[in-house]
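One structure below.
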Amino acid sequence: MTSRASLPSWQALQKHAVEMKTQHMKDLFSKDANRFNEFSLNSDSFLFDYSKNLITSDTMQKLFTLARDCELEQWREKMFSGERINTTEDRSVLHVALRDRSNTPLIVEGENLTEKVQAALAQIKDFSERIRTGTWKGYSGKRIKDVVNIGVGGSNLGPQMVTEALKHYSDQSVRVHYVSNVDGTQIADILRPLDPENTLFIISSKTFTTTETMTNAQTAMKWLVTSAFDEKAIGKHFVAVSSNKATACEFGIEEENIFDMWDWVGGRFSLWSAIGLPIALDLGFDKFVELLEGAYEVDQHFKTAPLEKNAPVIMALLSLWNCTFLGSQSQAILPYDQPLHKLTAYLQQAEMESNGKSVNWQGDEVDYPTVPSIWGEIGINGQHAFYQYLHQSNNVVPADFIGSVASVTPVKGHHDTLMANFFAQTEALMGGVDEQQVRADLKAKGRNQEYIDKVAPHKVHKGNRPTNTILMDQIEPRSIGSLIALYEHKIFTQGILLQICSFDQWGVELGKGLANNIYDELKSDVIDGKHDSSTQNLINYYKATKAAKS
Ligand code: F6P
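Taking our numbering, the leading residue of the sequence shown gets 924, the next gets one more, and so forth.
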């Protein structure tokens, strides 16, 4: 397989990056009054400004040429038509089918997937309505008031991020809780105030083999049965979402309480499926559909807009430019709206589990850096914690700033204060302030020369730090659907550009396997002795200290 690095368009970008590193964005802005218009896109639900990147029209042209050389448009078509582009698992990648609102049959390998999706949506609608209206009763005849979703990774982060983001739209028909950690503290804390008679559990696990989820599910079952004195209560209080129906049934979930999932939907792209059940339960089915519609709008945009006007394509190209060509190793995701406080964690899994890899489709080591590590926090909290690093460290961290024109919870005076910070930060990161200016400011404040000489170098902000701004009108189901889909397609595009198989996650398997072996060792006197001395001694210390304390 030809490495991307051998493409002339790739090499042209490498050469161009050397030139661009000598430029400052501040100068690019002063030279070009049209820069914002040229490097921003406006859709119905968001404004995307990428002008504060170290780019020129020439950079973008070179990036679009590379995208075409990588046959991005053809790969996009392969994904939408259901070709098995997840080659290491031999699967299609069709999360887009889950939110296709066109009603057009999607036939893949002789199967009409549209019918399956519609049947699943009908099941979600029916079930969520029965729970929300109280028609569905618990074992003692009481309605369900609390729903506990037990799942981890893609079976947790998506629904939790969305229900937090859209809390404002919940009518509180039910309260939704999430258990993901196998640390018993979490499930114990969540269950303590709940009443088994009106609590429903959703066991969300695509594989139904994830140890942490199964352990939490068993604890939840014991909690219920201890209260009901009857295993039959499980049928009224446990549902599952899984593509492994047989194992879910063996576990004790009644077959009619199992929502289907398919192998053509990856865990981290699955909130549009029945994995999104907590969203429909919390907000109502209509709002869940609005979320799908928002994503569908972006799917259409991604599918049809020319690369030059295609937001997810541009997001991916800029990530490649900043990381692979200009050398950044991490990227910050900085949402300013409080409801988006889980977005960074969600995108961490989405991008890092998808593209955090170092071999290409054929299994050869790639000879270029791939994707950055993703981190971040709600912007205002971040400003008072790690923005110092963003402004003045010697690592450049490209950042996405995400905010809204209107707050869902308008409190007089708050939103403009929030947004003033939002705009100020990207301005400061881009422009910085040079030593001459720092000295002039200090002088104007009446500082003496000795003080100015001492402090000036510490107050210099070099600027030239790339940011993207995504400005939504307001957080609502549709805009959140669009926002997530933007990032999903960015991730797909990155994978194509980098020749990375974005839809497997072999990197999490090794640790899982070792944990299973060590678990057995923790429970018995036998230790297989195959560990390195660090791991061996840590296990010994744990066991000895535990024994001494018991
Ligand atoms: O962490 C690995 C992973 O396989 C994720 O990809 C997935 O989202 C998560 O575990 C949960 O898997 P499951 O839904 O099968 O329990």
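Backbone N, C-alpha and C fix where the C-beta goes; we use that ideal spot for every residue, glycine too.
Whose CA, out of the options, lies closest to the CA of residue i?
i	options	result
I1256	I1393, K1065, G1077 and W1185	I1393
T1416	L986, L1080 and Y1291	L986
L1406	F1324, I1423, I1419 and L1341	F1324
A1228	A1471, Q1459, S953 and R999	R999
E994	G1434, L1420, Q1252 and E1444	L1420
T982	E1006, K949, Q937 and K1377	Q937
G1190	Q1272, K1366 and D1396	Q1272
E1173	F1131, K1226, S1425 and G1207	F1131
A940	V1212, L1243, M1238 and T1340	L1243
P1258	I1237, M1342, E1038 and P1389	M1342
I1297	N1344, Q1285 and C1246	C1246
P1333	Q1261, T979, K1472 and K1068	Q1261
V1319	T925, P931, R927 and K944	K944
S1330	Y1092, S1316, S932 and T1056	Y1092
G1386	K1413, H1412, I1414 and Q1315	Q1315
W1195	Q1083, Y1374 and N1439	Q1083
Q946	L1249, A1156, Y1442 and A935	L1249
I1441	N1463, V1431 and W1429	N1463
M924	A1367, G1286 and T1108	G1286
G1057	R1066, D1049 and S968	R1066
K1039	K1472, A1197 and Q1459	A1197
S1166	A990, N1180, E1120 and K1155	N1180
L1270	E1178, T1011, I1414 and P1116	I1414
N1344	Q1306, G1336 and V1356	Q1306
L1461	K1472, T1170 and E1444	E1444
G1418	V1356, A1471, V1236 and K1472	V1236
G1354	R1388, V1378 and K1377	R1388
With residue i and residue j assumed to form a contact (beta carbons below 8 Å), what rounded beta-carbon distance in angstroms separates them?
i	j	result
A1234	F971	5 Å
L1313	L1352	6 Å
V1099	T1086	5 Å
F959	I978	No, F959 and I978 are not in contact; Cβ-Cβ is about 13 Å, not under 8 Å.
S1015	S1078	The pair is not a contact, with the Cβ atoms about 20 Å apart (cut-off 8 Å).
G1074	G1199	Contact flag wrong, Cβ pair sits at about 11 Å.
V1361	V1328	Actually they are not in contact, since the Cβ atoms of V1361 and V1328 sit about 34 Å apart, beyond 8 Å.
With burial defined as no fewer than 16 other Cβ atoms inside 10 Å of the residue's Cβ, what is the status of residue i: buried or exposed?
i	result
F1182	buried
E1274	buried
I1125	buried
W1519	Residue 1519 falls outside the range modelled here, since the chain spans only 924 to 1473, and no answer is possible.
D1222	buried
H1338	buried
H1160	buried
Q1141	exposed
T1267	buried
F1225	buried
W1185	buried
E1220	buried
T1390	buried
F1152	exposed
N1439	exposed
Y1101	buried
E931	Before going on, a small fix: residue 931 reads as Pro here, not Glu. P931 should be labelled exposed.
D1112	exposed
V1294	buried
V1162	buried
Q1359	exposed
G1005	buried
E1154	exposed
V1431	exposed
Q984	exposed
Q997	exposed
T1010	exposed
H1381	exposed
N1371	exposed
Three-pair Cβ contact test at 8 Å for the stretch 1299–1315 versus the stretch 1336–1349: yes
Complete alpha helix (DSSP H) runs within the stretch 924–975 (minimum length 4 residues, chain order): 931–943, 948–954 and 958–961
Secondary structure, alpha helix (DSSP H): runs of 4+ residues fully inside the stretch 1342–1374: 1358–1367
Unbroken stretches of the beta strand (DSSP E), 3 residues or longer, contained in the stretch 1138–1192: 1161–1165 and 1181–1183
Contact between the stretch 1277–1290 and the stretch 1422–1437 (3+ Cβ pairs under 8 Å): yes
The stretch 1386–1401 contacting the stretch 1080–1094, beta-carbon criterion three pairs below 8 Å: Cβ pair count under 8 Å is three or more, so yes.
Contact the stretch 1211–1220 vs the stretch 1019–1038: 3+ CB pairs below 8 Å: yes
Cβ contact check for the stretch 1044–1059 and the stretch 1028–1036: 3 or more pairs under 8 Å: Contact check between the stretch 1044–1059 and the stretch 1028–1036: fewer than three CB pairs, one atom from each, fall below 8 Å, which does not count as touching.
Entirely enclosed beta strand (DSSP E) segments - the stretch 1208–1268, minimum 3 residues: 1253–1258
Within the stretch 1289–1347, ranges of the beta strand (DSSP E) (whole runs, at least 3 residues): 1296–1299 and 1322–1327
Ordered list of beta strand (DSSP E) runs contained in the stretch 1095–1125, each at least 3 residues: With a minimum length of 3 residues, the continuous beta strand (DSSP E) runs that stay inside the stretch 1095–1125 are 1098–1102.
Continuous alpha helix (DSSP H) assignments of at least 4 residues falling wholly in the stretch 1364–1432: 1372–1382 and 1400–1421
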